[in-house]
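See below for the structure under consideration.
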Amino acid sequence: MDTGVDGNRPITVSRPFGRFGTALVIAVPLLFLGYFFAYPLVAILLRGLTTPEGLNLGIFGDILGDRTLRGVAAFTVWQAALSTVLTLAIGLPTAWVFARFTFPGKRLLSAATLVPFVLPTLVVATAFLNLLGPQGLFGIDLTGTLWIILLAHVFYNFAVVVRGVGSFWATIDPHLEDAARTLGASPWRAFRTVTLPVLVPAIASTSALVFLFSFTSFGVVLLLGDLSHSTIEVEIWRQTTSFLRLDIASALAVLQIVGIGIVLAFYGRFERRVRSAFRYLQPTPRRPRTRGERVAVPTILTGAFVYLGVPLAILVARSFAQPSGGFGWENYANLVDLPDRFAAFISPSSAIANSLKFASVAVIIALVIGLLAATALTYSSRVVSRTFDVFVMLPLGASAVTIGFGFLIALDRPVDLRTSLILIPIAHALVGIPFVVRSVNPALGGVQNELREAASTLGASPLRTFLTIDARIVTRSVFVGAAFAFAISMGEFGATTFIARPASPTIPIAIFRYLGRPGAAPFGAAIAMSVILMLVTGAAILAIDTLGSRSDSR
Amino acid sequence: MMGATLSHVSVSYGSETAVDDVTLDITSGERFAIMGPSGAGKSTLLRAIAGLEPLASGSISVAGRVISDLPTHQRSVGLMFQDYALFPHMTVGHNVAYGLRMAGVPPADRTRIVGELLHTIDLDGYADRPVATLSGGERQRVALARTLAPQPSLVMLDEPLGSVDQLLKDDLIIQMRDILGIVGATSIYVTHDRTEAESFADRIAIMRSGLLVRVGTPADVWDDPRTVFVARFMGHRSIVDGGRIGAEPGPTLIHTDAITIGHDGSIPGVVRSSSFRDGAYRSDIDLAGGIVEVSTRHALEVGSPIGLSIDPAGVRPLLVDEV
Chain W
1 MDTGVDGNRP
11 ITVSRPFGRF
21 GTALVIAVPL
31 LFLGYFFAYP
41 LVAILLRGLT
51 TPEGLNLGIF
61 GDILGDRTLR
71 GVAAFTVWQA
81 ALSTVLTLAI
91 GLPTAWVFAR
101 FTFPGKRLLS
111 AATLVPFVLP
121 TLVVATAFLN
131 LLGPQGLFGI
141 DLTGTLWIIL
151 LAHVFYNFAV
161 VVRGVGSFWA
171 TIDPHLEDAA
181 RTLGASPWRA
191 FRTVTLPVLV
201 PAIASTSALV
211 FLFSFTSFGV
221 VLLLGDLSHS
231 TIEVEIWRQT
241 TSFLRLDIAS
251 ALAVLQIVGI
261 GIVLAFYGRF
271 ERRVRSAFRY
281 LQPTPRRPRT
291 RGERVAVPTI
301 LTGAFVYLGV
311 PLAILVARSF
321 AQPSGGFGWE
331 NYANLVDLPD
341 RFAAFISPSS
351 AIANSLKFAS
361 VAVIIALVIG
371 LLAATALTYS
381 SRVVSRTFDV
391 FVMLPLGASA
401 VTIGFGFLIA
411 LDRPVDLRTS
421 LILIPIAHAL
431 VGIPFVVRSV
441 NPALGGVQNE
451 LREAASTLGA
461 SPLRTFLTID
471 ARIVTRSVFV
481 GAAFAFAISM
491 GEFGATTFIA
501 RPASPTIPIA
511 IFRYLGRPGA
521 APFGAAIAMS
531 VILMLVTGAA
541 ILAIDTLGSR
551 SDSR
Chain P
555 MMGATLSHVS
565 VSYGSETAVD
575 DVTLDITSGE
585 RFAIMGPSGA
595 GKSTLLRAIA
605 GLEPLASGSI
615 SVAGRVISDL
625 PTHQRSVGLM
635 FQDYALFPHM
645 TVGHNVAYGL
655 RMAGVPPADR
665 TRIVGELLHT
675 IDLDGYADRP
685 VATLSGGERQ
695 RVALARTLAP
705 QPSLVMLDEP
715 LGSVDQLLKD
725 DLIIQMRDIL
735 GIVGATSIYV
745 THDRTEAESF
755 ADRIAIMRSG
765 LLVRVGTPAD
775 VWDDPRTVFV
785 ARFMGHRSIV
795 DGGRIGAEPG
805 PTLIHTDAIT
815 IGHDGSIPGV
825 VRSSSFRDGA
835 YRSDIDLAGG
845 IVEVSTRHAL
855 EVGSPIGLSI
865 DPAGVRPLLV
875 DEV
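Quick look at the structure:
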């Protein structure tokens, strides 16, 4: 049956849809991703690298010769590196606590670490603006400094380290460190000579992700940075919308794609090592036992949750500070009926309605394409599935702005789609598809071939086997994927800024516009809307965590 | 005094007592085994001696030095783990040399000592191999060598043959015994397997629910287990009510070699089962006050009545366990 070489993937692949059906199952996601992802990417490359006269690499000379743009490129790398180092330094102790110990409320706290990560970056930016901005509570204005950007990046990447390193750490045999201790190593030396080297692949792959997320940071830098604290991502947007310099924007996008490619290659290398590394044990977390542990565990947890909780708590509290004074629901009431002069001609209620509409369509698209892709991955030969897997996952690495910008310059052929509202949910779905595939694929691949064989010996046709066995087993993970796609769509900002029409703003667009208006009423409305967005995405996470953990213990 | 002394050692997990007031003297160079069912607290006791679990009370001294207040790495107590815990990112040589490195032994001496140890465990030339390439038996020996390399004052082995094939066990246990003899180490061997403990140890202890319930040489403990639990754990099957065989009432152990079949004044019983095992037919005889096992050259007919006589020299009264 199973050689164990590649998990549960059966050697003999049954084809529940016949040969034609299987081709169709691959073709639809392939065409979709080809037209909406690969083609715009190629268009950016062509636009950036060529002029009508031919190859044009001079534009890169111009960029590197421009002091501002050179500064942007340097700052992009520098802040990403700093963000990565800081996130590791702050996240590793918490990763250790979650990997090694049990404590009351662990499940809830574990889900809570995920909230900042899935929170729309614009909400994170608003929270830090509220905390440390010009109208900040502490009277300190850190906007336009490196520090506030780093604080925000560490805030939402924290979960990446805790989950990415922590889950690997949990499977490292605790006896390794014990053995080192009995052989004469102090706790620190045991960590440095044994645990740390074993953790290296997980730390490296996680660092690559954090670097990538900070490297392509848009909402946070747009809101909290300034001209000298800007990323390539923001600069692409600025060159496009403020200066209409599509050539410079394209060239910048090409530079960024190259950077992303390098980081992804690095990530892939170590991710493979993580997966192939020894998995010694089922995790066996225990209660803190020694005196040191009893001090360290609560201290680390408290520190982590103050850092993650305070910005959000203060955001919620601030949403009740009324522009007219006192505390109450005024900011929320304004969402229903905000005076136009404050609202920059964006009605909050229609932004909410738009976001819900786009998110619903985005979920449907992401599910259809994602499920077809996951099915194709499961039922095609290994070579095809490996290649296809990389292709499906690529939108995850591409930056939001690249996707939006690509739509803008590419999708006028064969029909001009650029003014069509359908582009918004399609852009959102592109980011959601990898999550759907990643949620559904393990469940689908985990369906044991014996079950299918049992069904067919009991008289089920291949199609009925699929419908009665495979489809039933993956239902829960489909909901997980849908919740991800929904949360992503509700919060998506970078791509939407390029393709949203003034008449059809989404919640994040509205928040951004309000923050740009003077006065307490729009600021309050932005905060109230951020809180709503936070609750919506928080609810999605809760659903993901509940459904996800239940499907694990199936 | 060399060797190791535990006095009134207790370890607890919250309200649960994992090791309960254990007092024990192990002499220098002695091979000592602790056995008991899983969950008895054996591994916890070893971890407490190594400083990996905090003591609730009591003190531990090894080689004349009180170690219970020292951190693990200053105790000079070696612990070999059931899963070996070989460092996966290091070669065999670096694994064995790890303790020497921590002790600050110069590289040249490290290489020499590692070479000697690899020779002792019959793995010459394995120094540069990654541990992932080793077989189960090889891993076991490398783990032993790594534990011995820094010459700890006390060597502790936690189920060291737990994951080794039964067929290999007998060889490995003798090998381990010999190696520990060569280096003259004081050692504690923890296992749930009686035969392992017996073939390894000079003295054995039986642990139950955190308590050491019996300590002695394997022969002493076998001959007079003193409690029903120890008797059962040592593999005795003939435990009856003493009143049925003319002894004091209460649980009583009859050694199998003290039972003979069909003499005058014999005690009546019924054959319940009879099967061939370890070179003879073993039959369970129901004495209506317990079952005894007899060993015969031929099978006995199940259901037939039988008379037994019992040599009083092979009868041991037992206490009922408190727990």
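In order, the protein sequence lines correspond to chains W and P.
Residue numbering for the first sequence follows my numbering, beginning at 1 and increasing consecutively.
Residue numbering for the second sequence follows my numbering, beginning at 555 and increasing consecutively.
Yeah, the Cβ is synthetic: ideal placement off N, Cα and C, and Gly gets one too.
Task: Distance between beta carbons of aspartate 838(P) and arginine 851(P), contact taken as under 8 Å - done: Between arginine 851(P) and aspartate 838(P), the beta carbon gap of about 17 Å keeps them out of contact (Cβ cut-off 8 Å).
Open item on the list: Output needed for leucine 599(P): all residues of its chain with C-beta closer than 6 Å, excluding positions within five of it in sequence on either side, in chain order.
Closed with: Only Val573 meet the Cβ criterion.
Open item on the list: Taking 7 Å as the limit between beta carbons, can you name the residues of its chain near aspartate 226(W), skipping five residues before and five after?
Closed with: Sequence-distant Cβ neighbours of aspartate 226(W) in its own chain, meaning closer than 7 Å and more than five residues away, are Gly144.
TODO: Compute the Euclidean distance between the alpha carbons of proline 591(P) and aspartate 875(P), then round it to the nearest angstrom.
DONE: Going from the Cα of proline 591(P) to the Cα of aspartate 875(P) covers about 15 Å.
- [ ] Please confirm if the segment 511-527 of chain W is in contact with the segment 318-338 of chain W, defined as three or more CB-CB distances below 8 Å between the two stretches.
- [x] Short answer: they touch.
- [ ] Apply the 10 Å Cβ neighbour rule to tryptophan 329(W) and answer buried if 16 or more other Cβ atoms are within range, or exposed otherwise.
- [x] Exposed, since its Cβ has fewer than 16 Cβ neighbours within 10 Å.
Task: Residue closest to phenylalanine 484(W), alpha-carbon to alpha-carbon, out of Pro502(W), Val431(W), Thr496(W), Lys357(W) - done: Nearest C-alpha to phenylalanine 484(W): Val431(W).
- [ ] With DSSP collapsed to three states, give me the class of phenylalanine 37(W).
- [x] Annotated three-state conformation of phenylalanine 37(W) is helix, per DSSP.
- [ ] Determine, using beta carbons only, whether alanine 812(P) and isoleucine 864(P) come nearer to each other than 8 Å.
- [x] Result yes, Cβ atoms of alanine 812(P) and isoleucine 864(P) sit closer than 8 Å.
Open item on the list: By the three-class DSSP mapping on this structure, what secondary structure does isoleucine 821(P) have?
Closed with: Three-state result, isoleucine 821(P): strand.
Open item on the list: Measuring only the C-alpha atoms, how far is alanine 152(W) from serine 597(P)?
Closed with: When rounded, the distance between both Cα atoms is 46 Å.
Task: Residues near serine 207(W) in its chain [Cβ-Cβ closer than 8 Å; skip 5 each side] - done: Hits under 8 Å: Thr84, Leu88.
TODO: Assuming glycine 491(W) contacts glycine 404(W) (C-beta within less than 8 Å), just tell me the rounded distance between them.
DONE: Separation of the CB atoms of glycine 491(W) and glycine 404(W) is rounded to 14 Å, and the pair is thereby denied contact status at 8 Å.
Task: Contacting residues, own chain, Cβ-Cβ under 6 Å from arginine 798(P) (five flanking each side not counted) - done: Here the set comprises Leu841, Gly843.
TODO: Answer with yes or no whether the minimum CB distance from threonine 537(W) to chain P is below 8 Å.
DONE: No, no contact with chain P.
Open item on the list: Given this structure, state the Cα-to-Cα distance separating alanine 639(P) from arginine 189(W), to the nearest angstrom.
Closed with: So the alpha carbons of these two residues sit roughly 17 Å apart.
Open item on the list: Considering only their Cβ atoms, is the gap separating isoleucine 44(W) from leucine 253(W) smaller than 8 Å?
Closed with: The displayed chain sequence assigns alanine, not leucine, to residue 253(W). Yes. Within cutoff.
Task: Cβ contact check for the segment 25-43 of chain W and the segment 386-403 of chain W: 3 or more pairs under 8 Å - done: Result yes; three or more Cβ-Cβ pairs closer than 8 Å.
Task: Cβ distance (whole Å) where isoleucine 369(W) is taken to contact valine 28(W) below 8 Å - done: The pair is a contact, with the Cβ atoms about 7 Å apart (cut-off 8 Å).
Task: arginine 218(W) versus alanine 353(W): straight-line alpha-carbon distance, rounded - done: Checking the sequence shown, residue 218(W) turns out to be phenylalanine, not arginine. Going by the C-alpha atoms only, they are around 24 Å apart.
Task: Chain-ordered chain P contacts of histidine 229(W) [CB-CB under 9 Å] - done: For histidine 229(W), no chain P residue has a Cβ inside 9 Å of its Cβ, as the nearest lies near 40 Å away.
Open item on the list: Considering only the alpha carbon of each residue, which of Asp777(P), Gly735(P), Gly868(P), Ile742(P) lies closest to glycine 796(P)?
Closed with: Closest option to glycine 796(P), Cα to Cα, is Gly868(P).
TODO: Determine which residues share a DSSP beta bridge with aspartate 247(W) and list them.
DONE: Answer is none; aspartate 247(W) lacks a bridge partner.
- [ ] Return no unless some Cβ of chain P is closer than 8 Å to the Cβ of threonine 182(W).
- [x] Judged by the 8 Å Cβ criterion, threonine 182(W) is in contact with chain P.
TODO: Assign glutamate 293(W) to one of three DSSP states: helix, strand, or coil.
DONE: Residue state, collapsed to three classes: helix.
- [ ] Spell out whether any CB of chain P is found under 8 Å from the CB atom of proline 505(W).
- [x] So no, proline 505(W) is outside the interface.
TODO: For leucine 633(P), go through chain W and note every residue whose CB falls closer than 8 Å to its CB, in chain order.
DONE: Simply Asp178, Ala179, Thr182.
Open item on the list: Let me see if you follow: with CB-CB separation under 8 Å, is methionine 555(P) close to chain W or not?
Closed with: Because the pLDDT at methionine 555(P) is just 47, under 50, the model does not fix this residue reliably, and the value given afterwards should be weighed accordingly. Answer no: the Cβ-Cβ gap between methionine 555(P) and chain W never drops below 8 Å.
Open item on the list: Please return the same chain residues whose Cβ sits closer than 7 Å to the Cβ of phenylalanine 128(W), not counting the five positions on each side in sequence.
Closed with: Cβ within range, chain order: Ile148, Leu151, Ala152, Leu224, Pro311.
- [ ] Please list the residues of the segment 578-595 of chain P that have a C-beta atom closer than 9 Å to any C-beta atom in chain W, keeping them in chain order.
- [x] Of all residues in the segment 578-595 of chain P, none has a Cβ within less than 9 Å of some Cβ in chain W.
- [ ] Mind the definition here: the segment 72-84 of chain W touches the segment 434-441 of chain W only if three or more C-beta pairs lie below 8 Å; say whether that holds.
- [x] Verdict: no, contact absent.
- [ ] Round the Cβ separation of glutamate 859(P) and proline 822(P) to the nearest angstrom and send it over; I've been treating them as touching at under 8 Å.
- [x] According to the sequence shown, residue 859(P) is proline rather than glutamate. Rounded to whole angstroms, the Cβ separation of proline 859(P) and proline 822(P) is 6 Å, and the two are in contact under 8 Å.
Task: Per-residue contacts from serine 456(W) into chain P (C-beta, under 8 Å) - done: Neighbours of serine 456(W) on chain P: none; closest Cβ ~39 Å, over 8 Å.
Task: Against chain P: residues of the segment 192-203 of chain W by CB proximity under 9 Å - done: Taking 9 Å as the Cβ-Cβ cut-off against chain P, the residues of the segment 192-203 of chain W that qualify are Thr193, Val194, Pro197, Val198, Val200.
- [ ] Could you check the C-alpha separation between tyrosine 267(W) and serine 582(P) for me, to the nearest Å?
- [x] A straight line joining the alpha-carbon of tyrosine 267(W) with that of serine 582(P) spans about 54 Å.
Open item on the list: Short of 8 Å Cβ to Cβ, which residues in the segment 281-302 of chain W face chain P?
Closed with: Taking a C-beta cut-off of 8 Å against chain P, the contacting residues of the segment 281-302 of chain W are Leu281, Arg287, Arg289, Thr290, Arg291, listed in chain order.
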